[in-house]
Structures are given as structure tokens and as C-alpha cells.
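Inspection log for the structure reproduced underneath, given as C-alpha cells.
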Amino acid sequence: MKSGSNLEKILAAGHFAFTGELGPPRGANIEHVKEKAQHLIGHVDAVNVTDNQTAMVRMSSWAAALLVREMGLEPNYQMVCRDRNRLAMQADILGASALGIRNVICLSGDHQQFGDHPNAKGVFDIDSTQLIDTVRRMRDEGTFISGEEIDGLPKMFIGGAANPFADPFEWRIHRLAKKVEAGVDFVQTQCVYNMDKMREWVKQAVDMGLTEKVYILPGITPMKSVGMAKYMKSKVPGIEVPDDVIKRLQGAEKGKVAEEGIKMALEQIEEFKEMKGVSGIHLMAIEWEHRVPEIAERAGMLPRPVID
Amino acid sequence: MVKAKRKPLEEIADAISAYGKVLTVGCGGCVSVCLAGGQREVQELNAELELTLKEKGTSKTLGNYTVERQCNMDLLQEMDDMVGGYDCILSMACGAGVQLMAERYPNIPVFPAVNTVFIGVDRDIGMYEEKCRACGECVLAYTGGICPVTRCAKGLFNGPCGGTNNGKCEVSQEIPCAWLDIYERLKGQGRLDDILKLQGVMQWQNQLQRTVVQPKFEKRYYK
Numbered sequence: 131m132k133s134g135s136n137l138e139k140i141l142a143a144g145h146f147a148f149t150g151e152l153g154p155p156r157g158a159n160i161e162h163v164k165e166k167a168q169h170l171i172g173h174v175d176a177v178n179v180t181d182n183q184t185a186m187v188r189m190s191s192w193a194a195a196l197l198v199r200e201m202g203l204e205p206n207y208q209m210v211c212r213d214r215n216r217l218a219m220q221a222d223i224l225g226a227s228a229l230g231i232r233n234v235i236c237l238s239g240d241h242q243q244f245g246d247h248p249n250a251k252g253v254f255d256i257d258s259t260q261l262i263d264t265v266r267r268m269r270d271e272g273t274f275i276s277g278e279e280i281d282g283l284p285k286m287f288i289g290g291a292a293n294p295f296a297d298p299f300e301w302r303i304h305r306l307a308k309k310v311e312a313g314v315d316f317v318q319t320q321c322v323y324n325m326d327k328m329r330e331w332v333k334q335a336v337d338m339g340l341t342e343k344v345y346i347l348p349g350i351t352p353m354k355s356v357g358m359a360k361y362m363k364s365k366v367p368g369i370e371v372p373d374d375v376i377k378r379l380q381g382a383e384k385g386k387v388a389e390e391g392i393k394m395a396l397e398q399i400e401e402f403k404e405m406k407g408v409s410g411i412h413l414m415a416i417e418w419e420h421r422v423p424e425i426a427e428r429a430g431m432l433p434r435p436v437i438d
Numbered sequence: 082m083v084k085a086k087r088k089p090l091e092e093i094a095d096a097i098s099a100y101g102k103v104l105t106v107g108c109g110g111c112v113s114v115c116l117a118g119g120q121r122e123v124q125e126l127n128a129e130l131e132l133t134l135k136e137k138g139t140s141k142t143l144g145n146y147t148v149e150r151q152c153n154m155d156l157l158q159e160m161d162d163m164v165g166g167y168d169c170i171l172s173m174a175c176g177a178g179v180q181l182m183a184e185r186y187p188n189i190p191v192f193p194a195v196n197t198v199f200i201g202v203d204r205d206i207g208m209y210e211e212k213c214r215a216c217g218e219c220v221l222a223y224t225g226g227i228c229p230v231t232r233c234a235k236g237l238f239n240g241p242c243g244g245t246n247n248g249k250c251e252v253s254q255e256i257p258c259a260w261l262d263i264y265e266r267l268k269g270q271g272r273l274d275d276i277l278k279l280q281g282v283m284q285w286q287n288q289l290q291r292t293v294v295q296p297k298f299e300k301r302y303y304k
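Following this line, the structure appears as C-alpha cells:
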């Protein structure tokens with residue numbers, strides 16, 4: 131075991147993993163974290179705790195990660211390259227490991243221009259692929275980026291992101307390969323709506339032997355409305371929403387659009403369970419945490435396996 | 082070359098408000114090329130200042146002079162006899178020129194009249210584009226002559242990232258994705274191998290004030 135995290139054990143045992151997502155509050159409101167977390171406990175194997183997502187200031191991801199951990203929910207501690215230099219990142223990896231966090235997800239981060247402090251100085255000292263390499267080196271080689279030795283190695287299961295839908299498509303598998311070379315243990319993908327492209331990308335990963343080295347967890351976000359689908363299609367960079375998806379939602383009976391969105395997500399999950407090279411799914415139910423138990427139940431994900 | 086843009090007139094007028102005799106000094110170097118602070122811009126600025134002062138019912142003595150380059154002490158020397166007659170200097174040079182001017186005349190306040198913006202190229206008359214952040218560790222060899230430090234919003238070294246959107250950056254549909262351009266250029270040259278390798282962390286060289294001594298002059302400066 132690299133970290134001994136629940137997520138690592140689940141994946142290593144060959145179970146189909148199920149991860150969720152939790153955005154920390156824009157304040158020190160612990161109740162807010164607890165409210166969101168209670169819907170996820172026992173329903174997911176681990177939960178991504180986002181790091182100043184959309185470049186808005188929020189409770190720090192390591193702090194919120196510790197809060198959910200105290201509640202019995204395993205955190206996937208997200209760390210973005212936008213807000214920290216290599217000293218702060220390595221320090222936070224050590225601190226998080228010392229306090230029992232066992233999964234870290236290494237990301238570039240949304241550009242500061244998107245958020246509420248658009249003129250902040252973006253750090254971007256190292257990039258997400260280099261951060262993966264850094265954590266792997268700290269864990270496996272026991273050295274900092276500088277080459278100096280570490281006293282007490284951090285135990286981290288290393289995650290990353292992959293987006294099979296960004297341009298150019300033929301590059302996407304190579305970017306995954308670079309992250310694998312850097313040492314990523316699992317990747318969660320951008321929200322999947324274009325299943326044709328997803329099948330092709332996963333097949334490439336299998337053919338290149340990448341899936342023997344990395345667990346792939348496709349991202350699933352159920353559509354709540356036609357408006358949401360149109361917004362994601364036109365406004366969210368890197369997300370591809372085929373017209374068929376929008377048409378199907380539009381065809382749903384009045385008041386049943388969200389149900390249709392959930393049905394589509396469940397169909398995707400069923401296909402991913404059978405897809406060679408896919409090891410689980412990552413459910414991003416944005417501001418829909420309370421629907422996670424129902425989705426997990428209907429997707430046949432419950433009860434979650436418990437591994438000692 | 083260095084590209085600059087003149088500060089707003091109000092800001093300049095405010096900086097020199099306490100002084101009666103002002104010497105506006107242009108620079109014949111980069112700021113002259115980018116039409117921000119050469120001889121012509123000195124005359125234009127003084128004319129605009131005179132007009133605003135007149136509107137406010139005041140006046141100042143506004144001198145003008147343009148040196149070949151303000152970033153060279155020998156070239157500033159020719160102003161030595163002139164500056165004594167002024168209360169302050171308004172430099173239209175880049176930040177380097179302003180500082181050298183202030184160093185040469187430490188008893189006279191020197192104010193910048195332009196904002197130094199970047200190292201860049203001429204796209205068209207009066208239109209310039211940033212190309213270099215002077216990081217001191219040039220990576221253009223493996224990026225097909227396209228700088229990710231300058232052009233990628235996140236300064237990535239292992240791009241293109243997942244935010245590439247119809248060939249544009251996720252930050253704006255007006256900004257072409259640097260890494261997509263790098264990818265396309267290297268592909269065209271059959272050099273994609275250059276970016277398939279994992280690029281290690283950057284050794285930033287621009288975190289302290291730097292001095293360059295060319296190798297053949299090392300003996301002269303390092304005894």
C-alpha cells in the first residue's frame with residue numbers, strides 16, 4: 131500500500147470505486163461542512179474537498195478535509211498550483227499526512243481571473259504534473275524537490291485530473307501518460323457527457339497500457355435542468371455536451387427533467403461498471419449533496435465495501 | 082524591445098503639481114520605437130500639460146529634452162548642466178531609465194510618465210504584444226519558439242491543460258491557447274517528442290535583482 135487510504139484499498143481490491151465532492155464554505159461555518167458531509171458518509175469511498183474552487187476564497191481544503199475526516203468521511207485533499215509555491219505545497223503535504231490525510235489530488239486550479247480576487251498574483255510556480263511528481267518523490271524517494279532528505283515520509287495516494295474532451299483530442303492520452311510517468315495513482319475526469327469520445331479515450335488508455343498503472347474514475351454530474359445543460363455546453367471551458375443530451379432533457383415531461391438527468395447519469399454509471407480500463411466513478415453532484423444517497427442507491431453502489 | 086504606455090494625464094499632472102519648473106525628458110530607445118516616450122511624445126505631453134494648467138488658471142515652466150537612451154549613464158551626462166534649472170524631472174523612459182536618471186540626480190525628484198508594460202514585439206503601428214517575461218531560463222527550444230511562461234495564463238510546462246476551448250484559453254475566448262499553438266507547431270515540425278517528456282520544475286532566475294556580465298568581460302569585473 132502506498133498510503134493505506136480507504137480509496138486505495140477499495141481500488142486495489144478491485145471494487146468499483148465511488149467518490150464524491152464537497153466544496154468548503156465561504157466562511158468558518160463548520161455546520162455548513164457537516165451538513166454537506168452527512169449526506170455522503172457511508173455512501174462514497176472518499177470525498178474530494180475542493181481548494182478555493184472557481185478561484186473564490188473558501189475555508190482551506192486541508193482544514194475542511196480534517197473536518198470531514200473527523201466525521202468519518204475520507205477526504206481527497208485537493209491542492210491547486212494557483213495559490214502556493216513549492217515551499218508551501220511541500221509543507222502542506224507533510225502537514226496533511228501528519229494529521230492523517232491519505233489522498234491528495236494535484237490540480238492546476240482555475241485561473242484567478244474567474245474568481246472574486248481577479249487581480250491576485252497567480253503563483254503557478256510548478257504545474258499540476260510537476261506537483262504529482264513532487265508528491266511521488268516525497269513519498270517514494272523521501273526527498274524534497276531540492277533533493278534534500280525528508281524526516282518522516284508523507285503517505286499519500288496521488289490523484290490528478292484528466293479531460294478527454296479538450297483540444298486537441300489526440301494529445302489527451304499523452305497528457306494522461308505524462309501524469310502516469312510523474313506518478314499519479316488515480317485520475318478523475320472532467321464531467322462526461324460525450325460517451326463516444328470517452329469510450330475512445332479509455333480504449334487508448336487500455337491500449338497504451340496506462341490502465342495498468344493508473345485507476346481511471348470518470349466524472350459524472352447529473353443535469354438538473356435544460357438551462358444547466360446549455361450553460362455547461364456554452365460557458366464551461368473543457369466540458370462537451372452533445373446536442374443529443376440537451377434534446378433528451380428537453381423531451382422530458384414537465385417537472386421530470388432532473389429525473390431524466392439522473393437516469394442519464396445512472397445509464398452512464400452502468401456502462402462504466404462494464405467498461406474495461408475504468409475503475410470507478412467520481413460523482414460531482416454540485417450543490418446536490420442531499421441527492422447523493424439516492425443516486426448511490428439507484429446506481430447499485432450501496433452498501434460501500436468496508437476493507438480493514 | 083521594452084514596451085511602455087503613457088500614464089493618464091491626471092496622474093502625471095498630480096505628480097508634478099508641487100513643482101514650478103519641470104523638465105520632461107524623452108528617451109530615444111525602446112519607448113521611442115513604441116511611440117510612448119520619444120521626442121515627439123515629450124512635446125505632446127508638455128502641450129497637454131500646458132493646456133490643463135491653463136484650464137486650471139495656473140502655469141509652470143515646462144522644459145523638454147530627449148537623450149539617446151536613458152539606460153546609460155554616459156548618455157545621461159549631457160544633461161548635467163541643464164537639470165539644475167529645474168525643480169523636478171518627468172522621465173518618459175522605461176522603469177530602468179527612470180531609475181538611472183534618479184540615481185544620477187539624487188537631489189532632484191524624478192517622476193515616471195509612462196508605465197513599463199512588457200518585452201514584446203510590434204504587431205502593427207502602435208500595436209504591441211508581450212512575448213517575454215525575462216525569466217532567465219529560456220525554454221523556447223522545446224516549446225517550438227512559443228513562450229509558455231508569457232503566453233500560458235497558468236504558466237504551464239506540461240500543457241495543453243484541460244481548459245483549452247476551441248483553440249482558446251479558458252480565461253478568455255480572445256486569448257489563443259499557447260500550448261495548442263506549441264502543439265501544432267511541434268507537430269508540423271515532427272517534434273512532438275519534445276513535449277511528450279515530463280518537464281521538471283522551473284529554476285526561476287528572476288527572484289533577485291540580476292546583473293549580467295558577459296563572459297569576455299568577467300576578468301574586468303571579477304578580480
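These protein sequence lines map, in sequence, to chains A and B. Quick note: the first sequence uses our numbering, first residue 131, plus one each step. Quick note: the second sequence uses our numbering, first residue 82, plus one each step. Glycine included, each C-beta is placed from N, C-alpha and C at the ideal position. In this text, all values refer to a predicted model and were calculated from it rather than measured experimentally.
Tell me the DSSP bridge mates of residue i?
i	result
residue 263/B	Paired residues: none, contrary to the question.
residue 203/B	209/B
residue 209/A	236/A
residue 250/B	253/B
residue 322/B	Shown here, chain B extends from 82 to 304; a query on residue 322/B therefore has no answer.
residue 107/B	147/B
residue 412/A	149/A, 349/A
residue 178/A	151/A, 206/A
Under 8 Å between the Cβ atoms of residue i and residue j?
i	j	result
residue 221/B	residue 228/B	yes
residue 212/A	residue 185/A	yes
residue 151/B	residue 178/B	yes
residue 135/A	residue 204/A	yes
residue 242/A	residue 230/A	no
residue 259/A	residue 292/A	no
residue 312/A	residue 266/A	yes
residue 247/B	residue 297/A	yes
residue 195/B	residue 112/B	yes
residue 167/A	residue 201/A	yes
residue 196/A	residue 160/A	no
residue 148/A	residue 181/A	no
residue 335/A	residue 376/A	no
residue 68/B	residue 250/B	Summary: the structure shown does not reach residue 68/B, with chain B confined to residues 82 through 304, and so no result is reported for it.
residue 219/A	residue 191/A	no
residue 425/A	residue 415/A	yes
residue 368/A	residue 287/A	no
residue 410/A	residue 146/A	yes
residue 345/A	residue 316/A	yes
residue 216/A	residue 275/A	yes
residue 235/B	residue 364/A	no
With a threshold of 8 Å between beta-carbons, can residue i be considered close to chain A, or not?
i	result
residue 108/B	no
residue 142/B	no
residue 194/B	no
residue 251/B	yes
residue 235/B	yes
residue 242/B	yes
residue 224/B	no
residue 178/B	no
residue 245/B	yes
residue 153/B	no
residue 248/B	yes
Please check if any C-beta of chain B sits within less than 8 Å of the C-beta of residue i.
i	result
residue 331/A	no
residue 275/A	yes
residue 259/A	yes
residue 216/A	yes
residue 363/A	no
residue 249/A	no
residue 399/A	no
residue 308/A	yes
residue 263/A	yes
residue 337/A	no
residue 293/A	yes
Q. Can you list, in chain order, the stretches of the beta strand (DSSP E) that have 3 or more residues and sit fully within the segment 297-334 of chain A?
A. Fully enclosed beta strand (DSSP E) runs of 3 or longer: 316-321.
**Q.** Short-range partners of chain A found in the segment 124-137 of chain B, where Cβ spacing is below 7 Å
**A.** Residues passing the 7 Å Cβ filter: none.
(Q) For a minimum of 3 consecutive residues, which ranges assigned as the beta strand (DSSP E) are wholly contained in the segment 111-166 of chain B? (A) Whole beta strand (DSSP E) segments, 3+ residues: 142-148.
Q. Could you give the uninterrupted runs of the alpha helix (DSSP H) lying entirely in the segment 213-294 of chain A, keeping only those of 4 residues or more?
A. Segments of the alpha helix (DSSP H) lying fully in the segment 213-294 of chain A: 216-228, 258-266.
Q) Taking a cut of 9 Å between CB atoms, which residues from the segment 261-290 of chain B lie near chain A? A) Listed by position along the chain: 261, 264, 265, 268, 273, 276, 277, 278, 279, 280, 281, 282, 283, 285.
Q. Listed from N- to C-terminal order along the chain, which residues in the segment 207-238 of chain A have their beta-carbon within a distance smaller than 9 Å of any beta-carbon of chain B?
A. Of all residues in the segment 207-238 of chain A, only 211, 212, 216, 238 place a beta-carbon less than 9 Å from a beta-carbon of chain B.
Q. For the segment 198-219 of chain B, which residues have a beta carbon sitting closer than 9 Å to at least one beta carbon of chain A?
A. Residues: none.
Q. Any residues in the segment 364-383 of chain A with a beta carbon nearer than 8 Å to a beta carbon of chain B? Which ones, in chain order?
A. Answer set for the segment 364-383 of chain A: 367, 368.
Q.
Which residues of the segment 296-321 of chain A have a Cβ closer than 8 Å to any Cβ of chain B? Give them in chain order.
A. Those would be 296, 297, 298, 301, 304, 305, 307, 308, 311, 312, 320, in chain order.
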